[in-house]
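*Asks:* One structure follows; several queries about it will come next.
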Amino acid sequence: MDLLALADFTLVARHGGFGKAARATGRPKATLSRRVAELERSLELRLFERGARNVKLTEEGRALFERTAVLLAELDETAVAIASGGHRPRGRLRISAPLLFSQTAMGKIAAGFALTYPDVRLEITTEDRAVDMIEEGYDLVIRVNPDPDENLVGRAFLRDRLVVVARPDVFRPRPDIATRAVVRGRADQSLWNVKTPDGIVTMKAEPVLALSSLFAVRDAVRAGAGVGCLPISLVSHDLADGSLVLWGEFDAPEIALWALYPSRRLLSARVSAFLDYLKQAFPLGTPEELAGYVGR
């Protein structure tokens, strides 16, 4: 396969058309068109559907672009690193991270990483949905308790757990009486299994507030609106100074944050550097380490 033709195909696919790619790169439009046509003939595949005003990747073209764009970028990065006499991370690094982790720690982590690796252009998107890394062009994703995915590899770098907390003056009723609760999401009555020194106690949680943010839940619990179920990293300062008290630990699997990247992709220097930086930020991966990033 002609790598130059493949590179031109990638340019056209990335910019969404021959004219746009020509204007962005200064390459002649006719040259790009000829190179892509040669690639199509050699593969015996149509890679673009050509309209009067625009072009669109065919299914085969999209599959080729998804598999080759990253590899070409890594080849270019390797060539630059060799030419500069080292392997210092450089280039764009796109990361998707969940909302709570972004709100608590990602700002400081991103700033420290950017200062340590000034040649890396770090772009972080905050969202809780499971993004398609290949389709959306991410180099690394951070996910909470991800489902197994044979296309992704990585490691858990941080763990947290849920606890049930309230202000000291909030009355703790008998188990058969509903407890006023502040919840995230739907405001339906539910049963909470809470681990206490005396064993597991089942509480009836009657939501008085339903909020979309765990920070908002914490603030409402601080104000005495009711009991809340929150990550311990988010309330550790309150528990330490006595402004909140621990009713018990929520009976649920621990929260694990994973850093993941595509298994078929070579691990670039910039991804490797970010993984190492996360390890330095959370050497033990404990909730207490994350609590150090949480502001009062």
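In terms of the numbering used here, the sequence shown opens at residue 2 and continues consecutively. Glycine included, C-beta positions come from ideal geometry on N, C-alpha and C. Just so we're clear, the structure is a prediction, and the values are computed from it rather than from any experiment.
#1: What are the partner residues of Ile201, as DSSP defines its beta bridges?
#2: Starting from Thr26, trace the alpha helix (DSSP H) both ways and give me its first and last residue.
#3: Decide yes or no for the touch test of the segment 145–160 against the segment 188–207: beta carbon pairs closer than 8 Å, at least 3 of them.
#4: CA-CA distance, Val202 and Ala224?
#5: Give the DSSP-derived three-state secondary structure of Val56 in the structure shown.
#6: At what residues does the beta strand (DSSP E) containing Ala98 begin and finish?
#7: Indicate the three-state DSSP secondary structure (helix, strand or coil) for Tyr139 in the structure shown.
#8: For Leu279, which option in Trp259, Pro263, Val295 and Ser269 has the closest C-alpha, if you only look at C-alpha atoms?
#9: Please report the distance separating the alpha-carbon of Leu1 from that of Asp277.
#10: Leu240 lies in the alpha helix (DSSP H); which residues open and close that run?
#11: Tell me, please, which residues DSSP counts as bridged to Ile110.
#12: Assign Phe49 to one of three DSSP states: helix, strand, or coil.
#13: Within this structure, are the beta carbons of Leu212 and Val183 separated by less than 8 Å?
#14: Identify, in the order they occur along the chain, each residue of the same chain with its Cβ nearer than 8 Å to the Cβ of Lys109, setting aside the five sequence neighbours on each side.
#15: Of all the options Leu5, Arg63, Asp170 and Glu207, which has the alpha carbon lying nearest to the alpha carbon of Ile178?
#16: Determine the closest residue to Val145 out of Met134, Arg160 and Gly138, with distance taken between C-alpha atoms.
*Replies:* A quick look at the data gives this:
#1: Lys196
#2: Phe19 to Thr26
#3: no
#4: 25 Å
#5: It is a strand residue.
#6: For Ala98, the enclosing beta strand (DSSP E) stretches over residues Gly92 to Ala98.
#7: coil
#8: Trp259
#9: Shown here, the chain extends from 2 to 297; a query on residue 1 therefore has no answer.
#10: Ile233 to Asp242
#11: None, per the DSSP bridge assignment.
#12: strand
#13: yes
#14: Tyr294
#15: Glu207
#16: Arg160
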